[in-house]
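Just so you know, the protein sequences line up as chains A and B, in that order. Counting in our numbering, the first sequence runs from 144 upward without gaps. Counting in our numbering, the second sequence runs from 833 upward without gaps. Even for Gly, the Cβ is constructed at its ideal location relative to N, Cα and C. Reading through the structure tokens given below for one structure.
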Amino acid sequence: MNASTQYRRLAGWMRSLLRRSRQERDMALELRLHLQAYADDLVAAGATRAEAERRARLEFGSLDAAQERCREARGVGWVEAGWQDARFGARMLRKNPGYAAVAALTLALGIAACTCIFTLVQSVLLRRVPFRAAARIVVVWDASVGRGLSRIGPSGLDYLDWRAQSHSFDDLFLFEHGTGTITGGGEPEQVAGLRVTSNFNDFLGVYPILGRGFGPAEARSEHHVALLAYRYWRQRYGGDRHVIGRAMELNSVVYTIIGVLPPSINTVFNIQVVVPFDDAWARRADGNLGVLGRLKPAVTVRQATDEMNVVMQRIAQARPERRGYGAVLVPLDDVRVESIRPALWILMGAVAFLLLLACANVANLMLGRAATRSREFAMRRALGATPARLVRQCLVESGLLALLAGAGGWLLAAGAVGLLITRLPASIPVPNGADRVPMPAIHMGGVALAFTGTISLVAVLVGLAPALASGKLALNETLKSGGHEGFAGAGAGRARGRFVILECALAFVLLIGAGQMFVGIHRIMRAGVGFPTDHLVTVRVKLANDTPNSPYMQSARQAAAFAAFLRKVRAAPGVQSAGLTEIIPLSQDEIDRFTFVVQEAPPLAPGATNPADFRGISPGFLRTLGVPLVSGRDFTEADDAQHAKVVLIDAALARHYFAGQNPIGRHIQIGGPSGAPRQVVGVVGSIRDMGFGQDPVPTVYFPFRQIPMQSMGLVVRTRLPASAVVPALRDAIQAVDPDQSVFSARTMDDIVAGTIAAQRLLLLLLDAFALLALALTIAGIYSVTAYAVSQRTQEIGVRMALGARGANVLRLVLGEGMGLAVRGAAIGVVAAILVLRLSAHLIFGLAAPGALLLAAGVALLAVVAAVSSYVPARRAMRLDPLAALRRD
Amino acid sequence: MELLQGTLDMLILKAVSLGPLHGYGVLQRIEQISGGQLQVPQGSLYPALYRLERQGWIASTWGESAAKRPAKFYRLTPAGRRQLKAEEREWNAMAGVIAGIMRATPGEV
């Protein structure tokens, strides 16, 4: 047979599957026409019409038989057989709806949990950033061990030196995150922007969908041109295609819009506008910039890091301020999801446990079902069904179950993902990077569907395997043994018991994991962050001082402006107290970490440094937060540029650098011995600025009037909701300067919640999984004890006839269920300790479980076992001994 | 005369090789060529036609019969032509052998 006939056959089958009814109609018509033609001939030969038709029918023989043989000849035999199996299977499932529902629901729940988490993992971890050769893009940071900084945004000079001296990269790209005020058209609007080197479009492979990108001209000299991000273009300009060439006023400078970027830019950069650096500007730009590099194809991150460290040593010779610096390279894909990845892997592990549990439950159900159906199978064997045919029947039934469970699981997962999306943080912090990236979009697509289909099938087959392997289908002793005790005797009972033990162990690990996460989170939350975070509203204010005609060019004017804002804000309705800070606590908006020396202390050993966080604050800021004054005094309005330079230090710094001495009256010099001495006037409580559970970083506070800043955060304590207070704050500030924008309004509670978003997500899902696991375990224990009771009816009858009382029987059955649970818990204790110890380092808050938690887990499982075997036990208690003995 | 076992397929192929025919036409053609000596069992004809079509040896299209009725016409495919040749060869060889056997006399054995 050649390929074309093979193909034709295949095509015929396919057609026969798709167009079965049409073929049936064709066949019936053809046969009818045949009879008609024959009858016509008979009429022509002289017979009457009625006579002719009768004879034609008669001579043809059985029409039905001919049709059946035609169908067989047409080659749809196996399709029909499969269809038959499927219909029979569906009938069997319908006949036993309890079994079908429990099995399908069990699996659907497991599958839904798996699909849900897989969707997260796939959307967040497995999808690359949509940039050119994304696999080779790395983020490059400076690092300074001495200053306690693992990731420092490089300066423009660093970038230019790296580009000139390193050989590991195809290309390097410099960018700076910034904010700007759009004016000239109603309410001033604060936008997030990116200033980039002119290789921006080529480097990322992100080209404008409208207009042009940046070119060499933008690198040579300063051009006031701007690209808009897609979302911003839609939102502010309504997607107007004539926006190209229009002017926009950004920080009082007129920019010309030259292009619109595709949505992909917002997958990594949370910005609305992109403007270019020229080379001269890049040379001037100081630290805290971002650099991305694309590694040459054969270069590894390790090799590039080594080379960059050598380059940094060479750079330090020309620029002493870089002495002691190295470079850190991390793939962009990793950076993007660094803070959420461990949580997702833990969840993936948890759902694997859950799915395994669901499989065990289904295996358990199927073993039970195989046992109860043993008589049916034995009968069919006796009537001539081959074992293969019976196995096929089982497979088809399981396939139906998989379909049901998969479809249900998919729907459940779709609902769960929809819910989950609302719980996910909108952006993910970059650890130690003082930056955030947008949360990747969560999307349930074809890959997730394929995943669901695969695990549905695998789960059902795994569930079916023990039933097949136990040989229940092929045996024919069943009929002999009355089809009752027979197969299902001790062997199957033991197998089912083992599955329940497995279920208990798996559920136990999930329970302990969820419990430990709960304990861990509550422990760190109880420890707090150093101040009460409720009823605090924060906004940020940035003075537009980088424009030539800005009134804020002099630093004294900056300080005066903020002082004026603060005065107005304090008088605003609903404001109980207010303060200004350079960086809002826990926000990780920026990093200001530097080194200092204590004037009165002996000089530091060469190479040693004292790193600390520095914060410019207003008087009343710490009081507004509720940070206690430990000793000395707070800042006052008098601590300005005209008065003595003073600082406050926090308890962590006092403990660390003034151990056992009174720091009040000592002097701190920022940067080193050449820095101006600033007298310590007070010690205040520490803030866990890095988030819950993180050790406080030694911190120095200085009065904002003594080192004025361009951008500050305003923190307000209020009884009003944020939505009511923020407009009042804006009004107060714009009463001073109508062009001043206010942005990034957040409550402190939201900021704090953001720092443990991953942990809270983990807790929420682990709780849900643990509950599910418990429910499945209850179903498992119930089904096994109920089955045991039904199998041991006679035995129980004998016991009762011999004088056993209800309580004895109750104890017997409860003991059975609880025995399984306790054995499962014993395995679970070992597994939980192992699993948690292995995964504790993955995420902060998880730790090896304590004895109390383990004991509580065992107790819970025992109670669950007692409850789930109680119903069958009651049934056993109420057995009529005589009826039980008479059975069979 | 009863049809010899296993020859129906070959006869159908032969019949449609002379020109497209509908099912009833195949029956008539075979009886006509055999001079009315061969009776094809009507119930067996259609399963055979379906089987041959599935093998790809004949193909069918709906058309109109001489009696102006719709009818399904079968025609030989190139693969069917090859098959017919092969079956003819085999049949002739077999017929020769069998004829030889049947001619045998006691002296020859």
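Linking ALA209 of chain A to LEU884 of chain B through their CA atoms gives a straight-line distance of about 15 Å. Between the beta-carbon of VAL827 of chain A and that of VAL770 of chain A there is about 5 Å, and that keeps the pair under the 8 Å contact cut. Runs of alpha helix (DSSP H) with 4 or more residues, each lying fully within the stretch 671-725 of chain A, are found at 698-713, listed in chain order. Distance from the Cα of ALA721 of chain A is smallest, within the candidate group A:ARG860, A:ALA687, A:ALA871 and A:LEU317, for A:ARG860. Exposure of VAL453 of chain A is indicated by the presence of fewer than 16 other C-beta atoms within 10 angstroms of its C-beta.
Where HIS366 of chain A is concerned, there is no enclosing beta strand (DSSP E), because DSSP gives it neither an H nor an E. In the DSSP assignment, GLY241 of chain A falls within the unbroken alpha helix (DSSP H) covering 240-264. Within chain A, the C-beta atoms nearer than 9 Å to that of SER897 of chain B come from LEU176 and ALA180, in chain order. The beta carbon of GLY204 of chain A falls within 8 Å of a beta carbon belonging to chain B, placing the residue at that interface.
Less than 8 Å divides the Cβ of ARG355 of chain A from the Cβ of GLY402 of chain A. Put simply, the stretch 174-193 of chain A does not touch the stretch 909-920 of chain B. Fewer than three CB pairs are less than 8 Å apart. Excluding residues up to 5 positions away in sequence, MET833, LEU835, ILE862 and GLU863 lie with their Cβ nearer than 7 Å to the Cβ of LEU870 of chain B in the same chain.
In this structure, A:LEU919 is the residue among A:LEU919, A:PHE661 and A:LEU538 with its C-alpha nearest to the C-alpha of ALA648 of chain A. The beta carbon of ARG457 of chain A sits closer than 8 Å to the beta carbons of GLN308 from its chain, once the five residues preceding and following it are set aside; these are given in chain order. With a contact defined as Cβ atoms closer than 8 Å, LEU178 of chain A and ALA193 of chain A miss out at about 13 Å. The three-state secondary structure of TYR468 of chain A, taken from DSSP, is coil. For PHE651 of chain A against GLY1000 of chain A, the beta-carbon gap comes to about 6 Å, under 8 Å, which counts as contact. As a beta-bridge residue in DSSP terms, ILE760 of chain A pairs with A:THR724 and A:PRO846.
Proximity of ALA1019 of chain A to chain B, defined by a Cβ-Cβ separation below 8 Å, is not satisfied. By the neighbour-count criterion, in which a residue is buried when 16 or more other Cβ atoms sit within 10 angstroms of its Cβ, TRP894 of chain B is exposed.
DSSP places VAL929 of chain B in the uninterrupted alpha helix (DSSP H) bounded by 910-935.
Counting only the Cα atoms, ASN504 of chain A lies some 46 Å from ASP578 of chain A. Within the model, the alpha-carbon separation for GLY388 of chain A versus THR399 of chain A is close to 6 Å. Judged by their CB atoms, ALA755 of chain A and PRO841 of chain A are nearer to each other than the 8 Å cut-off. The beta carbon of ASP183 of chain A sits closer than 8 Å to some beta carbon of chain B. In this structure, ILE890 of chain B places its C-beta atom within 8 Å of the C-beta atom of LEU908 of chain B. The beta-carbon of GLU173 of chain A is placed less than 8 Å from the nearest beta-carbon of chain B. About 11 Å separates the beta carbons of ARG426 of chain A and LEU317 of chain A, which is beyond the 8 Å limit, so they are not a contact pair. The C-beta of ARG861 of chain B comes no closer than 8 Å to any C-beta of chain A. Excluding sequence positions up to five before and after GLY717 of chain A, its CB lies within less than 8 Å of the CB of THR861, ARG862, LEU863, ALA867, VAL868 and ALA871, all in the same chain and listed in chain order. Taking the Cα of LEU263 of chain A as reference, the smallest distance to any Cα among A:PRO839, A:HIS586, A:LEU996 and A:ALA247 is reached at A:HIS586.
For GLY356 of chain A, the three-state secondary structure derived from DSSP is coil.
ILE760 of chain A sits away from THR738 of chain A, with the two beta carbons spaced by 8 Å or more. By the CB criterion at 8 Å, LEU1025 of chain A and THR936 of chain A fall outside the cutoff.
Looking only at A:ALA975, A:PRO1015, A:GLY946 and A:ASP874, the smallest Cα-Cα distance to ALA931 of chain A is reached by A:PRO1015. With distances taken between CA atoms, GLY775 of chain A lies nearest to A:ARG809 out of A:GLU743, A:PHE757, A:ARG809 and A:TYR800.
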